[in-house]
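Working notes, structure below.
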Amino acid sequence: MEKYFDNPSPRFTDETDYDLLLNSIHQKIITPKAKNRGLVRSLTSRSLKIAASVILCFFLGYALVQSFTYKDSQSNTESESLISSIVRTTGPGEKLTLLMSDKTKITVNALSEISFSSDYGKNDRIINITGEAYFEVASNPSKPFKVISNGITTTALGTEFNVFARENDYRIALVEGKVAVAKASKEVALSPGQMAVWNYEKNAPKDFSIQSFNQERTTSWKEGVLIFNRKPFWEILNDLEAWYGVKFKVDKGIDTKSRIIGSYENKNLKDILTGLSFSLGFEFVIEGKIVHIKKSKTMN
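Its first residue numbered 0, the sequence shown is counted upward by one per residue in numbering that gives the first Met the number 0.
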């Protein structure tokens with residue numbers, strides 16, 4: 000020790016860069032963690048992007064389905080809104096002939112109302128009526144033809160029949176083919192020449208009565224012919240009011256229960272009253288839409 004102390008040799012120079020070494024150690028320790036963090040961040044970012052894409056696709060698909068659903072619903076609503084009810088009425092002395100889209104012919108008598116859907120013939124064939132009409136029905140077994148009047152339904156495939164429905168008095172007269180007449184749970188089938196009769200006051204709550212009828216007298220109205228077969232005078236006056244659009248004023252002393260037999264083809268009101276006046280002994284004055292029936296002076 001004294002030797003080295005007295006004669007020290009040149010010291011070995013330590014050229015190690017401890018700062019660099021320390022930094023290197025730190026890098027080996029710290030950098031992998033940083034890389035791991037970056038990797039985790041990268042994976043998390045990708046996952047979020049994928050999830051966002053999936054959510055976006057789901058949202059777009061949902062929106063697309065809702066759009067089609069809305070359009071379809073809107074289309075159905077618009078289609079339904081386009082369907083309306085068509086109503087045709089006849090006044091006193093008027094008649095109306097309708098040729099439907101299925102070639103069914105309907106002749107409507109005076110003081111009547113008929114209605115049907117604007118899409119008649121597409122899904123069904125349904126007619127509503129108050130008054131009187133004659134139907135010549137085109138055959139279509141897949142779409143039965145129905146006439147409805149105050150809860151009474153007449154169903155036919157291809158046939159001809161007359162429907163009378165006034166003031167709780169209903170008469171369905173079958174001319175050709177077959178029809179079924181139903182009210183509530185009761186249904187009757189008619190053959191040609193048969194007529195189903197129902198009167199609210201007389202029959203309630205009884206069922207239909209089935210009667211025979213004279214085709215000429217029942218359906219002659221559509222040909223412009225009036226036929227009276229022992230018909231009371233007061234009923235004839237009601238018919239004439241409907242046919243000619245007038246109102247009768249009848250004096251006391253006129254026998255309105257007398258029954259009349261006769262026929263008038265395409266006659267005007269004056270000619271008909273003239274003929275009736277001879278047998279019933281009355282006079283009449285026509286003043287516009289008012290007809291005054293007076294007792295004949297020669298009968299006093």
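Beta carbons: idealized from backbone N, C-alpha and C, even for Gly.
Distance from the CA of residue 259 to the CA of residue 125, rounded to the nearest whole angstrom, comes to 37 Å.
Counting C-beta pairs with one atom in each stretch, the stretch 173-181 and the stretch 223-238 have fewer than three that are closer than 8 Å, which means they do not touch. Around the C-beta of residue 183, fewer than 16 other C-beta atoms lie within 10 Å, and the residue is accordingly described as exposed.
Close CB contacts of residue 261 within its chain, under the 6 Å cut and outside five residues either way in sequence, are with 227 (chain order).
In this structure, the beta-carbon distance from residue 151 to residue 117 does not fall below 8 Å. Linking residue 292 to residue 266 through their CA atoms gives a straight-line distance of about 19 Å. Selection 159, 252, 166 evaluated against residue 214 yields 159 as nearest (Cα-Cα). Classified as exposed, residue 96 has fewer than 16 neighbouring CB atoms from the shown chains inside 10 Å of its CB. Looking at the DSSP output, residue 246 bridges to 289.
The stretch 128-138 and the stretch 274-286 do not touch, with fewer than 3 CB-CB distances between them shorter than 8 Å.
In the three-state scheme derived from DSSP, where H, G and I count as helix and E and B as strand, residue 103 is classed as coil.
DSSP places residue 176 in the coil class of the three-state scheme, outside both helix and strand. Looking at the DSSP output, residue 197 shares a beta bridge with 169.
Cβ contact annotation for residue 253 (same chain, cutoff 7 Å, sequence separation greater than five): 281, 292, 294, in chain order. If you keep only unbroken beta strand (DSSP E) runs of at least 3 residues inside the stretch 119-162, you get 124-135, 144-148, 151-155. Look at residue 93 here: in three-state DSSP terms it is coil, with no helix or strand label.
If you look at residue 277, you'll find it in the alpha helix (DSSP H) that goes 268-279.
Per DSSP, reduced to three states, the secondary structure at residue 237 is helical.
Excluding the 5 residues flanking it on each side, residue 250 has same chain C-beta neighbours closer than 6 Å at 293, 294, in chain order.
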